[in-house]
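Here the structure comes first, spelled out in structure tokens, and everything after it is commentary.
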Amino acid sequence: MKSAFVFLAFLAVSQGILRIPLKRGKSARQQLDERGLFQEYRKKFPYNPTAKFLPRVEQTVVQLTFDPDTTYYGEIGIGTPPQVFKVLFDTGSSDLWVPSTSCNSSACGNHVMFSSSASSTFEAGSNTFRISYISGYASGTTGYDIVKVGDLYVEHQIVGLADEEANFLYYVPWDGILGLAFPGLSQEGGTPIFYNMWNQGKIPQNMFSMYLSSSLEGSMLFLGGTDHSYYSGSLNWIPLYGATNFWNIQIQSITINGNTVACSGGCEAVVDSGTSYIIGPSKDINNINGWLGASTDQFGEASVSCRNTNSLPEIMFNINGYNFALPPSAYVIQSSSGCSTGFGAGPWILGEVFMRQYYTAFDIGNNRVGFAQSV
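Residue numbers for the sequence shown, in mature numbering (1 follows the signal peptide of the UniProt record, and there is no 0): -16 to -1, 1 to 359.
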């Protein structure tokens, strides 16, 4: 009888989970490569993953950096009737923002723009926000509206409406960003959308999880729990490390063939779905790439021979006593111009390269992150 009760309880919880399909759009790198513009944009808007995680001196500044390889997005609706947007579900930030119809930047013109006058439930806000990056900024105002995520409606959600955007945003496959980090990172002055989902009783558990596929289709965001059909074995839980308001964990070491190649003595890392690569300090990343026989260019991109990728070693991440192996099929990125490693310089970040290999759960209620082998 007890086992039947447990099964029914599990079934009730799993049925209450909201599943949001994620797609892999054509990356900014791919679009710029097709136009012969990537080298120009890479010089003008250098990739600086550090910027996103720097302390903010100005309360209204939201950091944003040009990451040409982020590709995953899902759809949400804002307003009544819902206006549909493609958004990057970003565990490295806490705010929701989209372009507005008052934006005159060319980047906005290539994306869907929110019309506040077309929504019967829109309420103007009193705050402004500013998205800063190396070569300029985007700015806008805030408002409140109903946000539709799948079949779930979140009421009175603060939304940033950008009226100016950088040129590089023209080429990203998404219209805006939906942040899934902690409230302390919110620069718009409101409650992050996932917290409103929980506070309004819309989801069964105070957690969400992600499955990132290498294919164009099949990726999924799960709001309110996990789905075991997307991973094998059990979730290995890692407690959050430090009071950072990010999904911050501690890595004990990173090894290749039993040799410590990075993170000697331990290091802190942010688990971030809004970063495409695995990022770490230059010394460590250069050492990893050296073990892989990669050659690094002036922009820090490390190339390897596409013919020899199968002979490259596994890279082992030791986290909270668990070993998470990353095979070359996970960390080698192939493009029209050749093959490169999925490692870049900056603060330690476990981005899409790691999350494609490991189904990732973000448990707000218990302050922990869980990893399991993706299927």
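Here a beta-carbon is modelled for each residue, glycine too, at the ideal position from N, C-alpha and C.
If you draw a straight line from the Cα of Q15 to the Cα of S123, it comes to about 25 Å. Judged by DSSP secondary structure, G163 falls within the beta strand (DSSP E) whose first and last residues are 160 to 163.
In this structure the segment 72 to 85 does not lie against the segment 214 to 226, because fewer than three pairs of beta carbons, one per stretch, are closer than 8 Å. DSSP places L200 in the coil class of the three-state scheme, outside both helix and strand.
Contact annotation: the segment 237 to 256 does not touch the segment 312 to 325, with fewer than three C-beta pairs closer than 8 Å. Shown here, G330 sits in coil according to DSSP, grouped into three states, outside any helix or strand.
Listed in chain order, the non-local C-beta contacts of G168 below 8 Å within the same chain comprise S78, N229, local neighbours out to five positions each way being set aside. When the Cα atoms are used, D53 and E18 turn out to be separated by approximately 14 Å. Relative to W231, the option among G258, I238, A150, L205 whose CA is nearest is G258. Per DSSP, the unbroken beta strand (DSSP E) holding G58 starts and ends at 56 to 62. DSSP assignment within the segment 151 to 196 yields the following whole alpha helix (DSSP H) runs of 4 residues or more, N-terminal first: 177 to 183. Between the segment 265 to 275 and the segment 321 to 334 there are three or more C-beta pairs closer than 8 Å, enough to call the two in contact.
Assignment of beta strand (DSSP E) within the segment 59 to 115, counting only whole runs of 3 or more residues, yields 67 to 74, 80 to 83 in chain order. The bridge partners DSSP lists for T239 are T244, M300. Secondary structure at E139: strand, using DSSP grouped into helix, strand and coil.
Rounded to the nearest angstrom, the Cβ distance from G163 to L2 is 17 Å, too far for a contact under 8 Å.
A buried status is given to E149, since no fewer than 16 other beta-carbon atoms sit within 10 Å of its beta-carbon. In the three-state reduction of the DSSP assignment, R8 falls in the strand class.
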